[in-house]
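Undergrad: The structure's right below; bear with me while I get my questions together.
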Amino acid sequence: MIPWAKPDFHGYEEKFLKEALKSTWISDGSFIRKLEKNFSNYLKTKESIAVSNGTSAIHLIYLTLGLKRGDEIIVPGYGYMAASNLALQMGLKPIFADVDLETFCVTADSIKKKISKKTKLIVITHTYGNVCEVKPIIKLSKKIKIPVLEDSAESFGSRFSNKQSGTFGDFATFSFQATKTITTGEGGMVVTKKNKNFIKKARSLRTHGVLKKRYLHIYPGHNFRLTNLQAAIGCAQLKRFDKIKKERQRIFNMYKHLFKNLKGVKIQKFDKKVSPVVWTFALVIDEKIFPKRDNMIRLLFKKGIETRNGFYSPCRMKLYKKSNTSHLKNSNYLSKKIICLPFYTSLKNNQIIKIFNEIKKLRVI
Ligand SMILES: Cc1ncc(COP(=O)(O)O)c(C=O)c1O
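Quick note on my numbering: the sequence shown kicks off at -7 and runs consecutively.
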């Protein structure tokens, strides 16, 4: 079976993990500080705050901003729904902006249409390792004085004009869940350029609203902490990230080369200025030439290839029936047509060729 994803633990993971265990510091510990420092250095950004997962990273930003019931936040109509789910959970109003049919990302134009007096935050998601058109989005955000959160869970290492994804907006979040480009099992990171007070509040909210004095709670916080054991794995992953990146680029180039001229599939488009570290290889299926997307997934599974459907758009979820989703034409279309192919560093070239050939054989005309 060719799985859809597989972590890459070929470096110092075991060594660092043993060190963390031996130190007996298994909750807090020095690997956390090291991971935060190395992460900031890698991205060339000011501050990184390690958290328990990519969802708590977003949650931490919402809480630190003090978003309140009824506040509106703009979120993408296509992508992983963490930012919008959290908004519902906190009584905020997710306002969906449609995505571009080719890049699968929101644009400054689609965001602009959704701005209102109640908008407090713009969330942009760099889906599948792409980077949104950050320049016009940041320009718009500055003009209307509404901050931007980059959800970079799927785009660690991707760059736009040689600048890392996650360093354009006021804040960014990353996920280290098992399928992600670098992983700690579960885990995440908040990155921000905001001032000391914001950072202090975020760090405090991460650990039950405590600032300096143990058990003295200043805010009603959470436990969003990453463990020292997870951070040890994270340090090892980051240390060999150049190798991980190289393998991911090999796979991306190989897929691109094979699929670019195949009739009936469209490849995700990346701007010339984007140097992606792709999370998964996504194809938009033409169901006149191929079987229905979900059928394709089943047929490929029978051939020993695990693939995944694209994200559900909010138009197709009861959870979002109160939200305005009728304008999400592109998001809705993509949600029905995208198939994501296996993507992990140890995926061999001959396996990629097998995936290509099995897909080719599924053509109905
Ligand atoms: C774009 C995006 N945002 C947020 C998340 C949530 O991250 P986590 O699963 O670490 O909570 C994920 C992935 O799982 C994601 O792909």
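A virtual CB, placed ideally from N, CA and C, is assigned to each residue, including glycine.
Quick caveat: nothing in here was measured; it's all calculated off a predicted structure.
Nearest-angstrom Cα distance between residue 125 and residue 101?
TA: Position 133 of the sequence shown, counted from the start, is the residue given in the question as residue 125. Position 109 of the sequence shown, counted from the start, is the residue given in the question as residue 101. If you take the alpha carbons of residue 125 and residue 101, they lie about 10 Å apart.
Undergrad: To test your reading of the DSSP string, which unbroken alpha helix (DSSP H) runs of 4 or more residues are found completely within the segment 275 to 323?
TA: For the segment 275 to 323, whole alpha helix (DSSP H) runs of length 4 or above, ordered along the chain, are 285 to 294.
Undergrad: For the segment 300 to 309 and the segment 70 to 78, state whether three or more C-beta atom pairs, one from each stretch, are separated by less than 8 Å.
TA: At 8 Å Cβ cutoff, the stretches touch.
Undergrad: Alpha carbon to alpha carbon, how far is residue 353 from residue 83? Give it in angstroms, no decimals.
TA: For the purposes of this step, residue 83 is taken as the residue at position 91 of the sequence shown. For the purposes of this step, residue 353 is taken as the residue at position 361 of the sequence shown. Going from the Cα of residue 83 to the Cα of residue 353 covers about 48 Å.
Undergrad: Taking DSSP's pairing of strands, which residues face residue 409 in a bridge?
TA: Here the chain covers residues -7 to 357 and nothing more, so residue 409 does not appear.
Undergrad: Is residue 74 near ligand 1 - that is, is its Cβ less than 7 Å away from at least one heavy atom of it?
TA: As a first step, residue 74 must be located in the sequence shown, where it is residue number 82. True, at least one ligand heavy atom lies under 7 Å from that Cβ.
Undergrad: What is the DSSP secondary structure of residue 159, counted as helix, strand or coil?
TA: As a first step, residue 159 must be located in the sequence shown, where it is residue number 167. In the structure shown, residue 159 sits in coil (DSSP, three-state: anything other than H, G, I, E or B).
Undergrad: Taking the beta carbon of residue 92 as the centre, do at least 16 other beta carbons fall within 10 Å, making it buried, or is it exposed?
TA: By one-based count along the sequence shown, residue 92 stands at place 100. That one is buried.
Undergrad: Residue 287 to residue 118, Cα distance in whole Å?
TA: For the purposes of this step, residue 287 is identified with residue 295 of the sequence shown, where counting begins at 1. For the purposes of this step, residue 118 is identified with residue 126 of the sequence shown, where counting begins at 1. Answer to the nearest angstrom: the Cα atoms are 28 Å apart.
Undergrad: Helix, strand or coil for residue 102, going by three-state DSSP, please let me know.
TA: Walking along the sequence shown from the start, residue 102 turns up at place 110. Helix.
Undergrad: Assuming residue 140 contacts residue 116 (C-beta within less than 8 Å), just tell me the rounded distance between them.
TA: The residue given as residue 140 occupies position 148 in the sequence shown. The residue given as residue 116 occupies position 124 in the sequence shown. That pair is a contact at about 6 Å.
Undergrad: So, are the CB atoms of residue 120 and residue 260 less than 8 Å apart?
TA: One-based indexing of the sequence shown puts residue 120 at position 128. One-based indexing of the sequence shown puts residue 260 at position 268. Cβ atoms of residue 120 and residue 260: closer than 8 Å.
Undergrad: Between which two residues does the alpha helix (DSSP H) containing residue 125 stretch?
TA: Mapped onto the sequence shown, residue 125 falls at position 133. From DSSP, residue 125 is part of no alpha helix (DSSP H); its letter is neither H nor E.
Undergrad: Should the segment 238 to 246 be regarded as contacting the segment 262 to 277, the criterion being three or more beta carbon pairs within less than 8 Å?
TA: Cβ pair count under 8 Å is three or more, so yes.
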